[in-house]
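In my numbering, the protein residues as written are 30 to 251.
In this text, a Cβ means the ideal position worked out from N, Cα and C, and glycines have one as well.
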């Protein structure tokens, strides 16, 4: 993709975010939510950091095709991945732009997204209320592109977790490297290198590991 040319789709998003930030209406535009499979066994995990807790707290759930992948069409990842909640979802259902689903159906959407290597992001309105839970790819997602192309890392709040790799158990197969959307993991000279500053804490590196060498821990446990 040509990143040297202006992108009206992204420019519009950045302008909106900057207006909200200037008025003090948001602190960030989105937050990374680690996949539930990567932290399921951790008793101390905060419920607010799990995607299904967000889904279950909604009074209504709508499913809409991903706006970003529909716009860019740069990959073959699933389109039906955007979960919209309460008034926002109800409004799009009424317009025929989304359909109502159950929490069980939403769980299947998230599970399919994880298998496809998509990052879960919660999106926020100026009132700080979560209105959407999207499953995003780095080639199309507006927020991931803004972070990478515009270097606006402050707009995206990473999760409260970080992956830790058992170096004795790691077989350096590269499965986790292939899943990382921000190139935080690399194999160099048959050794795994991890850049914590790049990491979003999404947990995608955990689930493909064939020897369970990668686990997610809270930042304070790091």
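Check	Outcome
For residue 129 and residue 99, what's the separation of their Cα atoms in angstroms?	20 Å
What's the gap between the Cα of residue 158 and the Cα of residue 134?	22 Å
Please report the distance separating the alpha-carbon of residue 146 from that of residue 210.	8 Å
Less than 8 Å between the CB atoms is what I'm expecting for residue 220 and residue 201, so what's the real figure, rounded?	7 Å
What are the boundary residues of the beta strand (DSSP E) that includes residue 211?	Careful: residue 211 lies outside any beta strand (DSSP E) and carries neither H nor E.
Just tell me which of 123, 245 and 172 has its CA closest to the CA of residue 41.	172
In terms of residues, what are the limits of the beta strand (DSSP E) holding residue 40?	Unbroken run through residue 40 is the alpha helix (DSSP H), 37–51; no beta strand (DSSP E).
Note down, in chain order, each residue of its chain lying with its Cβ closer than 7 Å to the Cβ of residue 155, except the 5 sequence neighbours on either side.	49, 54 and 55
Would you please state the rounded distance, in angstroms, between the beta carbons of residue 108 and residue 92? I believe it to be under 8 Å.	No, residue 108 and residue 92 are not in contact; Cβ-Cβ is about 10 Å, not under 8 Å.
With DSSP as the reference, please indicate the residues paired to residue 129 in a beta bridge.	91
Might you give, ordered along the chain, the residues of its own chain that have their beta carbon closer than 6 Å to the beta carbon of residue 97, omitting 5 neighbours on each side?	169, 170 and 171
Give every residue of the same chain whose Cβ lies closer than 6 Å to the Cβ of residue 117, excluding the five residues on either side of it in the sequence, and list them in chain order.	160
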